[in-house]
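Residue numbers (our numbering): 1031 to 1309.
In structure tokens form, the structure reads like this:
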């Protein structure tokens, strides 16, 4: 399997994306309903709570999150209504989106199951680190950083779905990795645009692999770039060979390039706790 096949497959993917032939994942109904209810001026948080209550699994997870280190609630929260009131609209929207994301990473065949599980595991690590970074080093919303971390690699999903029908491609891990690496940011941008996500999160999907990324103000792309690099510490991932001092996002967050946030006192525990809630 030479480079010409790699280029051919990449071109096919990108052409199909451009011509609306690539099947992109859709958001679960309940997430759309929550978002629509929040955007409807005639509705309030009680109506949002009603929508969430209609989904038992979502309700349970939201109450669990409301009582987790994510919120540091002073008293136990026992109902969806209390959770929604405590969180407010923006946070509810971000957390509902984060909870339903896991459904996206479910395999339909055994062939991609291992890959999707590894991808979800990586996404939850980056999300938990992003939440901690946003909370400690920026004025950005930690819950939005969490969602940004969870969806940063969402563009890999349609590629894996397509690979399910191409056993030769699935069997060639190196080739599949190269194709994902070349196309997942563009596909991710298309998915989040289709889902009407905020531009600042669409940018994360598009630019998180650009280690020279530079914007005027610190943004969610910076947070996810740093979180992504931190998540690969101690692994044999290619990103481990990068000299972090050359990555502007560290400076923008005010983090020394040799700091391991996962080992920082208190932060590491928080990252673990957040990860256990979302994964």
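Ideal Cβ positions, reconstructed from N, Cα and C, are used throughout, including at glycine. The model shown is predicted, which means the values in this text are computed figures rather than measured ones.
Neighbourhood of residue i by C-beta distance below 8 angstroms, restricted to the same chain and skipping five residues each side
i, result
"residue 1263", "1270, 1290 and 1292"
"residue 1275", "1287"
"residue 1310", "In the structure as shown, the chain begins at 1031 and stops at 1309. Residue 1310 is therefore absent and cannot be evaluated."
"residue 1304", "1098, 1099, 1100, 1157, 1158, 1161, 1162 and 1176"
"residue 1050", "none"
"residue 1081", "1060, 1063, 1064 and 1067"
"residue 1283", "1163, 1167, 1168, 1248, 1252, 1253 and 1256"
"residue 1139", "1194"
Residue i - DSSP class collapsed to helix/strand/coil
i, result
"residue 1032", "Below a pLDDT of 50, predicted positions are generally treated as unreliable, and residue 1032, at 49, falls in that range; the measurement from the model is reported next regardless. It is coil, neither helix nor strand."
"residue 1139", "coil"
"residue 1187", "helix"
"residue 1264", "coil"
"residue 1055", "coil"
"residue 1242", "coil"
"residue 1227", "coil"
"residue 1309", "coil"
"residue 1285", "coil"
"residue 1182", "coil"
"residue 1171", "coil"
"residue 1299", "helix"
"residue 1102", "coil"
"residue 1277", "coil"
"residue 1213", "helix"
"residue 1067", "helix"
"residue 1293", "helix"
"residue 1109", "coil"
"residue 1252", "helix"
"residue 1041", "helix"
"residue 1194", "coil"
"residue 1272", "coil"
Contacts around residue i, its chain only, beta-carbon distance under 6 angstroms, and the 5 residues preceding and following it disregarded
i, result
"residue 1039", "1209"
"residue 1043", "1213"
"residue 1073", "1067"
"residue 1234", "1178, 1182, 1250, 1251 and 1254"
"residue 1052", "1046 and 1188"
"residue 1127", "1061 and 1177"
"residue 1300", "1099 and 1162"
N- and C-terminal bounds of the alpha helix (DSSP H) containing residue i
i, result
"residue 1123", "1119-1134"
"residue 1247", "It is not in any alpha helix (DSSP H) - residue 1247 carries neither H nor E in the DSSP assignment."
"residue 1077", "1075-1083"
"residue 1197", "1197-1201"
"residue 1093", "1086-1096"
Option in the options with minimal Cα separation from residue i
i, options, result
"residue 1141", "1191, 1102, 1163 and 1204", "1191"
"residue 1047", "1082, 1215, 1307 and 1178", "1215"
"residue 1124", "1180, 1110 and 1301", "1180"
"residue 1164", "1279, 1202, 1143 and 1052", "1279"
"residue 1296", "1236, 1094, 1057 and 1166", "1166"
"residue 1307", "1281, 1211 and 1132", "1132"
"residue 1261", "1119, 1202 and 1302", "1302"
"residue 1129", "1248, 1092 and 1300", "1092"
"residue 1085", "1061, 1102, 1070 and 1107", "1061"
"residue 1144", "1238, 1201 and 1185", "1201"
"residue 1185", "1258, 1236, 1083 and 1108", "1236"
"residue 1168", "1034, 1247 and 1259", "1247"
"residue 1268", "1217, 1298, 1207 and 1281", "1207"
"residue 1137", "1193, 1121 and 1277", "1193"
Residues near residue i in its chain [Cβ-Cβ closer than 7 angstroms; skip 5 each side]
i, result
"residue 1220", "1047 and 1054"
"residue 1232", "1219, 1222 and 1223"
"residue 1107", "1093, 1096, 1097, 1113 and 1116"
"residue 1110", "1079, 1082, 1083, 1089, 1092 and 1093"
Short CB-CB distance (under 8 angstroms) between residue i and chain B
i, result
"residue 1271", "Protein chain content of the structure displayed is limited to a single chain, and chain B is not contained in it."
Closer than 7 angstroms: residue i CB and nearest the ligand NAD heavy atom
i, result
"residue 1256", "As for the ligand NAD, it is missing from this structure, which has no ligand bound."
Review point. Should the segment 1099-1118 be called in touch with the segment 1147-1154, which here means at least 3 C-beta pairs below 8 angstroms?
Key: With a cut-off of 8 angstroms on Cβ pairs, the segment 1099-1118 is not in contact with the segment 1147-1154, counting fewer than three such pairs.
Practice item. Kindly confirm or deny that the segment 1172-1184 and the segment 1196-1205 touch, where touching means at least three C-beta pairs closer than 8 angstroms. Key: Judged by Cβ distances under 8 angstroms, the segment 1172-1184 makes no contact with the segment 1196-1205, as fewer than three pairs qualify.
Check your understanding: Can at least three beta-carbon pairs, one atom from the segment 1231-1244 and one from the segment 1071-1083, be found at a separation below 8 angstroms?
Key -> Between the segment 1231-1244 and the segment 1071-1083, the count of Cβ pairs shorter than 8 angstroms is below three; the stretches do not touch.
Review point. Contact between the segment 1048-1068 and the segment 1218-1233: three or more CB pairs below 8 angstroms?
Key: The segment 1048-1068, when compared against the segment 1218-1233, does touch it at the 8 angstroms Cβ threshold.
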